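Undergrad: Here full-length UniProt numbering is used: the first residue of the sequence shown is 1, the next is one more, and so on.
Dropping a structure here in structure tokens format, bear with me for questions.
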Amino acid sequence: MNEGKIFLSPPHMGGTEQHYVNGAFKTNWIAPLGANVDSFEQKMKHYTKAEHVLALNSGTAAIHLALLTLGVTRGDTVFCSTLTFAASANPIVYVGAEPVFIDSDEKSWNMCPIALGNAMEYAAQRNRLPKAVIVVHLLGLVADLDTIQSICDKYDVPLIEDAAESLGSTYKNQMTGTLGEMGIYSFNGNKIITTSGGGMLLSKKETTRKKAFKLATQAKEQAMFYLHKKIGYNYRLSNVLAGIGMGQMEVLDSHIAKRQAIFKRYETAFSEIDGVSMMPVLAQTVPNCWLSAIRLDFEKIALSTMEIVQRMEAVGVEVRMMWNPLHLQPSFAGAECYQAHEQNVSEQLFQEVLCLPSGSSMSESQQAYVIKELLAQLLANKVDREN
Ligand SMILES: Cc1ncc(COP(=O)(O)O)c(C=O)c1O
1 MNEGKIFLSP
11 PHMGGTEQHY
21 VNGAFKTNWI
31 APLGANVDSF
41 EQKMKHYTKA
51 EHVLALNSGT
61 AAIHLALLTL
71 GVTRGDTVFC
81 STLTFAASAN
91 PIVYVGAEPV
101 FIDSDEKSWN
111 MCPIALGNAM
121 EYAAQRNRLP
131 KAVIVVHLLG
141 LVADLDTIQS
151 ICDKYDVPLI
161 EDAAESLGST
171 YKNQMTGTLG
181 EMGIYSFNGN
191 KIITTSGGGM
201 LLSKKETTRK
211 KAFKLATQAK
221 EQAMFYLHKK
231 IGYNYRLSNV
241 LAGIGMGQME
251 VLDSHIAKRQ
261 AIFKRYETAF
271 SEIDGVSMMP
281 VLAQTVPNCW
291 LSAIRLDFEK
301 IALSTMEIVQ
311 RMEAVGVEVR
321 MMWNPLHLQP
331 SFAGAECYQA
341 HEQNVSEQLF
351 QEVLCLPSGS
361 SMSESQQAYV
371 IKELLAQLLA
381 NKVDREN
């Protein structure tokens with residue numbers, strides 16, 4: 001029976017958000033900054049052990065500021081994972097630079113270190129090294145950070161971690177977003193915690209935070225009158241929305257635990273189904289399981305991911321195809337994509353991967369319904385079925 005539409009990753013309030021939002025109202029501290037923003041930054045700093053953090057009004061703004069603080073500009077190139085949401089790479093174009101995409105690795109579904117190494121070597125030969133590398137931790141899965149970082153170190157190129165989806169995921173016990181020179185989080189409505197809209201920039205250097213702070217506040221100079229030496233942006237998080245973030249921080253760990261339990265239940269349910277495999281988890285990493293995803297083998301299952309999305313929609317369940325790789329997007333037409341194998345891995349993943357409902361508010365009975373409906377589709381379309 002359909003228990004009402006089951007969404008992929010809806011917002012999930014913990015209960016105390018309103019209290020912090022009311023605090024902003026009571027003190028008449030509605031806009032723009034204030035105590036909630038300061039406290040939210042402190043909480044996030046403590047939680048992630050990041051050296052410096054800056055609360056912003058979106059994850060996209062955080063990537064934009066990361067590039068600006070590195071001085072990325074017209075004529076530069078920036079390497080970026082190709083299998084991701086467009087927001088990872090759009091800011092490269094905002095600053096007038098050119099994105100160069102890097103294929104995925106079968107082992108992590110994230111940036112392939114071999115393809116990255118090849119791209120760097122080729123760029124070094126042409127004296128066209130990128131100004132930055134943006135590595136994405138897709139779905140909360142963690143990229144092969146040590147290898148990627150060592151390639152960046154070899155060529156002295158700064159690494160930005162797009163951890164929009166991976167708040168709370170760890171690599172060798174350290175939080176994603178804190179390992180590269182800079183990192184970003186998103187608190188968009190579908191993320192593991194939300195401020196309805198918001199983001200954060202994390203940096204190793206205090207000077208980076210200072211530069212980003214200035215750019216995020218219209219590049220106002222400290223003067224008795226309005227003085228701007230640079231073009232700035234209006235990118236800070238509002239004190240009202242930071243109140244939602246304060247409440248959400250109280251439930252972040254339990255949201256992660258719930259999503260990890262959801263992943264385990266899918267894993268158990270699909271373990272016996274030939275032709276279905278779970279998303280990969282690299283050794284020494286712990287994903288937050290923001291989204292659980294399965295990969296289909298079309299030699300064993302004769303149903304495209306697009307057909308499954310439509311059929312599940314008909315029974316009230318939102319499942320999604322994997323991101324369409326950015327090098328295939330018309331908006332990035334002409335951009336190069338480096339791959340280590342003859343077959344582009346991200347293109348295969350786009351065809352073969354399905355993201356399943358993973359919200360921390362999903363009940364066990366709702367998940368059982370998702371599994372039942374999905375199994376019905378998969379088993380009815382097994383290539384080796386006997387009929
Ligand atoms: C991988 C990735 N990068 C960047 C973003 C941008 O974040 P925001 O929506 O907060 O701008 C998102 C999500 O929306 C994302 O999933």
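Virtual Cβ for every residue (Gly too), placed ideally from N, Cα, C.
This structure is a prediction, so every number in the text was calculated from the model and none was measured.
Decide if residue 297 is buried, meaning its Cβ has at least 16 other Cβ atoms within 10 Å, or exposed.
TA: Residue numbering aside, residue 297 sits at position 297 when the sequence shown is read from its first letter. Exposed is the call here.
Undergrad: Could you tell me the boundaries of the alpha helix (DSSP H) in which residue 115 lies?
TA: Against the sequence shown, residue 115 aligns to sequence position 115. It spans 113-125 - the alpha helix (DSSP H) in which residue 115 sits, taken as one unbroken run.
Undergrad: Taking residue 215 as part of the alpha helix (DSSP H), name the residues at either end of that continuous run.
TA: In the sequence shown, residue 215 corresponds to position 215, counting from 1. Residue 215 -> alpha helix (DSSP H) spans 206-216.
Undergrad: Just the C-alpha distance for residue 196 and residue 238, rounded to the nearest angstrom, thanks.
TA: Position 196 of the sequence shown, counted from the first residue, corresponds to residue 196. Position 238 of the sequence shown, counted from the first residue, corresponds to residue 238. C-alpha separation (whole angstroms): 11 Å.
Undergrad: Can you check which of these residues, 71, 332 and 233, is closest to residue 58 by C-alpha distance?
TA: Against the sequence shown, residue 58 aligns to sequence position 58. With distances taken between Cα atoms, residue 58 lies closest to 233.
Undergrad: Enumerate in chain order the residues of its own chain whose CB-to-CB distance from residue 16 is below 7 Å, with the five nearest sequence positions on each side excluded.
TA: The residue given as residue 16 occupies position 16 in the sequence shown. The residues are 247 and 250.
Undergrad: What's the call for residue 378, buried or exposed, on a 16-neighbour Cβ count within 10 Å?
TA: By 1-based counting over the sequence shown, the position of residue 378 is 378. Buried, since its Cβ has 16 or more Cβ neighbours within 10 Å.
Undergrad: Report the rounded CA-to-CA distance for residue 392 versus residue 315, giving the unit in angstroms.
TA: Because the chain here runs from 1 to 387, residue 392 falls outside it and cannot be looked at.
Undergrad: Just to check my reading of the structure: residue 131 and residue 70 have Cβ atoms closer than 8 Å, yes? What is that Cβ distance to the nearest angstrom?
TA: In the sequence shown, residue 131 corresponds to position 131, counting from 1. In the sequence shown, residue 70 corresponds to position 70, counting from 1. Contact holds; Cβ gap of about 6 Å.
Undergrad: Note down, in chain order, each residue of its chain lying with its Cβ closer than 6 Å to the Cβ of residue 190, except the 5 sequence neighbours on either side.
TA: As a position in the sequence shown, residue 190 is number 190, starting the count at 1. Around residue 190: 9.
Undergrad: Return helix, strand or coil for residue 309, following the three-state DSSP convention.
TA: Taking the first residue of the sequence shown as 1, we reach residue 309 at position 309. DSSP places residue 309 in helix when its eight states are reduced to three.
Undergrad: Of all the beta strand (DSSP E) runs that stay within the bounds of the stretch 137-208, which reach a length of 3 or more residues?
TA: 159-162, 182-186 and 199-203, all fully within the stretch 137-208.
Undergrad: Using a Cβ-Cβ cutoff of less than 8 Å, which residues in the same chain neighbour residue 229 once the five nearest sequence positions on both sides are dropped?
TA: To locate residue 229, count along the sequence shown from 1; it is residue 229. 219 and 221.
Undergrad: Suppose you measure from the CA of residue 324 to the CA of residue 85; what does that come to, to the nearest Å?
TA: By 1-based counting over the sequence shown, the position of residue 324 is 324. By 1-based counting over the sequence shown, the position of residue 85 is 85. In a straight line, the C-alpha of residue 324 is about 8 Å away from that of residue 85.
Undergrad: Contact check, residue 141 vs residue 90 under 8 Å by CB: the rounded distance?
TA: Counting from one through the sequence shown, the residue named residue 141 turns up at place 141. Counting from one through the sequence shown, the residue named residue 90 turns up at place 90. With 8 Å as the limit, residue 141 and residue 90 do not qualify as a contact, their Cβ atoms being about 22 Å apart.
Undergrad: Please tell me whether residue 157 and residue 179 are closer than 8 Å, where the distance is taken between their beta carbons.
TA: Along the sequence shown, one-based indexing puts residue 157 at 157. Along the sequence shown, one-based indexing puts residue 179 at 179. No; because the gap between Cβ atoms is not below 8 Å, this pair is not in contact.
Undergrad: Just grab the DSSP bridge partners of residue 230 for me.
TA: Stepping through the sequence shown from its first residue, residue 230 is reached at position 230. None; residue 230 has no bridge partner.
Undergrad: Measure the Cβ-Cβ separation of residue 162 and residue 339 and say whether it is below 8 Å.
TA: Here residue 162 refers to the residue found at position 162 when the sequence shown is read from its first residue. Here residue 339 refers to the residue found at position 339 when the sequence shown is read from its first residue. Cβ distance not < 8 Å, so residue 162 and residue 339 don't count as in contact.
Undergrad: So, under 8 Å CB-CB, residue 209 and residue 52 are touching, yes? Tell me the CB distance rounded to an integer number of Å.
TA: Taking the first residue of the sequence shown as position 1, residue 209 is located at position 209. Taking the first residue of the sequence shown as position 1, residue 52 is located at position 52. About 4 Å; that satisfies the 8 Å criterion.
Undergrad: Between residue 95 and residue 72, which are expected to be in contact by the criterion C-beta below 8 Å, what is the C-beta distance as a whole number of angstroms?
TA: Against the sequence shown, residue 95 aligns to sequence position 95. Against the sequence shown, residue 72 aligns to sequence position 72. About 5 Å; that satisfies the 8 Å criterion.
Undergrad: Check whether the Cβ of residue 198 lies closer than 8 Å to any Cβ atom in chain C.
TA: The chain inventory of the structure shown lacks chain C, comprising one protein chain alone.
Undergrad: So, for residue 383: in the same chain, excluding its five sequence neighbours on each side, which residues have a beta-carbon less than 8 Å away from its beta-carbon?
TA: As a first step, residue 383 is located in the sequence shown; it is residue number 383 there, counting from the start. The answer, listed in chain order, is 275, 299, 300, 301 and 302.
Undergrad: Just the C-alpha distance for residue 346 and residue 68, rounded to the nearest angstrom, thanks.
TA: As a first step, residue 346 is located in the sequence shown; it is residue number 346 there, counting from the start. As a first step, residue 68 is located in the sequence shown; it is residue number 68 there, counting from the start. When rounded, the distance between both Cα atoms is 28 Å.
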